[in-house]
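Chemist: To start, I am sharing the structure in question, which I have written as structure tokens.
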Amino acid sequence: MVDDLSINLATIREQCGFAEAVDLCLKHGITSIAPWRDQVAKVGLDEAVRIVRQNRIKLTGLCRGGFFPAATAADRQSAIDDNKRAVDEAAALGADCLVLVVGGLAGGSKNIDEARNMVADGIAATLPHARASGVPLAIEPLHPMYAADRSCVNTLGQALDMCETLGEGVGVAIDVYHVWWDPDLARQITRAGQLKRILAHHICDWLVPTRDMLTDRGMMGDGVIDLKGIRRMVEVSGFYGAQEVEIFSAENWWKRPADEVIRTCVERFHDCCRI
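Numbering of the sequence shown is given in our numbering, commencing with residue 4 and proceeding in unit increments.
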């Protein structure tokens, strides 16, 4: 069993459906996953719940909620409604958290502060439902290259400031791909631990050069991220949950057989990530 490793199903999204991905993870001794909502929807929520329960699968997260900023009040409310549905899906699946990719600039806007305010308002509107459902919300700060279109929350410090304002029921997902470069990372991971806000830890690697901003993530050990160093900081700060492999790789790992991908994830996890 590899009980300290989770596979985010984006890693094999081009090769496998939900049921096949679960079977493959189990074959390699992995009992934790993090699916995406579209993968769950394709098989159907009830069937996904059945598969999870029958196989005693743990969900380290459900991806994703978020995308709160919008140009109109109606669109902002629509995003809040969708996030509440995502909370319900996460609750049904028993997920540790709902991961939030919060969204970038509102359509036609150049005002990033306004976008961040919309994010805070959207999470605040979703939070009572999440608390009642027992589903923590995990803000995932994304690399600044995504500030305009995917996430206007770009550092762990910004995410934690938002957590402190919003109160209980909201924390952070620390994805090494997005935060490894931050000169304040060590201090902010310590702060996250003191606040008890670390909900998830995602791993992959940063390739040099990177050919595509979204779909050229590296397998652990193929890039420049100090994976063991970051894990050490995370554990010192009190989080011992599974490390979750999340790799978007259109020209490499998505083109390989899924069994090879998962086998490599396990090997690289042992060699490059465990401390």
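From the three backbone atoms N, C-alpha and C, an ideal C-beta is built for every residue, glycine too.
Among 111, 106 and 26, which residue has its Cα nearest to the Cα of residue 74?
Modeler: Position 71 of the sequence shown, counted from the first residue, corresponds to residue 74. Residue 111 is the option with its Cα nearest to residue 74.
Chemist: Tell me, please, whether the region 186–193 touches the region 215–224 by the rule of three or more beta-carbon pairs shorter than 8 Å.
Modeler: Because the criterion of three Cβ pairs below 8 Å is not met, the region 186–193 and the region 215–224 do not touch.
Chemist: Can at least three beta-carbon pairs, one atom from the region 103–118 and one from the region 142–159, be found at a separation below 8 Å?
Modeler: Yes: the two stretches touch, three or more of their Cβ pairs being nearer than 8 Å.
Chemist: Using a Cβ-Cβ cut-off of 7 Å (strictly less than) and excluding sequence neighbours within five positions of residue 160, which residues of its own chain qualify?
Modeler: On the sequence shown, residue 160 is found 157 positions in, with the first residue counted as 1. Within the same chain, residue 160 has close Cβ partners 187 and 191.
Chemist: Determine the burial state of residue 82: buried for a count of at least 16 other Cβ atoms within 10 Å of its Cβ, exposed for fewer.
Modeler: The residue given as residue 82 occupies position 79 in the sequence shown. Residue 82 comes out buried.
Chemist: For residue 143, count the other beta carbons within 10 Å of its own beta carbon; 16 or more makes it buried, fewer makes it exposed. Which is it?
Modeler: Position 140 of the sequence shown, counted from the start, is the residue given in the question as residue 143. The residue is buried, with at least 16 neighbouring Cβ atoms inside 10 Å.
Chemist: My parser needs the beta strand (DSSP E) runs of 3 or more residues fully inside the region 127–156; what are they?
Modeler: The region 127–156 contains these whole beta strand (DSSP E) runs: 140–142.
Chemist: For residue 35, write down the residues that DSSP places opposite it in a beta bridge.
Modeler: Stepping through the sequence shown from its first residue, residue 35 is reached at position 32. 9 and 61.
Chemist: So if DSSP puts residue 247 in a beta bridge, which residue, or which two residues, is it bridged to?
Modeler: Working through the sequence shown from its first residue, we reach residue 247 at position 244. In the DSSP output, where bridge partners are listed per residue, residue 247 has 9 and 205.
Chemist: At a cut of 8 Å, does the region 39–57 reach the region 244–263 through at least three beta carbon pairs?
Modeler: No: fewer than three Cβ pairs fall under 8 Å.
Chemist: Excluding the 5 residues preceding and the 5 following residue 193 in the sequence, name in chain order all residues of the same chain whose CB lies nearer than 6 Å to its CB.
Modeler: Residue 193 sits at position 190 when you count from the first residue of the sequence shown. Only 240 meet the Cβ criterion.
Chemist: Could you give the residue range of the beta strand (DSSP E) that holds residue 178?
Modeler: The residue labelled residue 178 in the question sits at position 175 within the sequence shown. Here the beta strand (DSSP E) through residue 178 covers 173–178.
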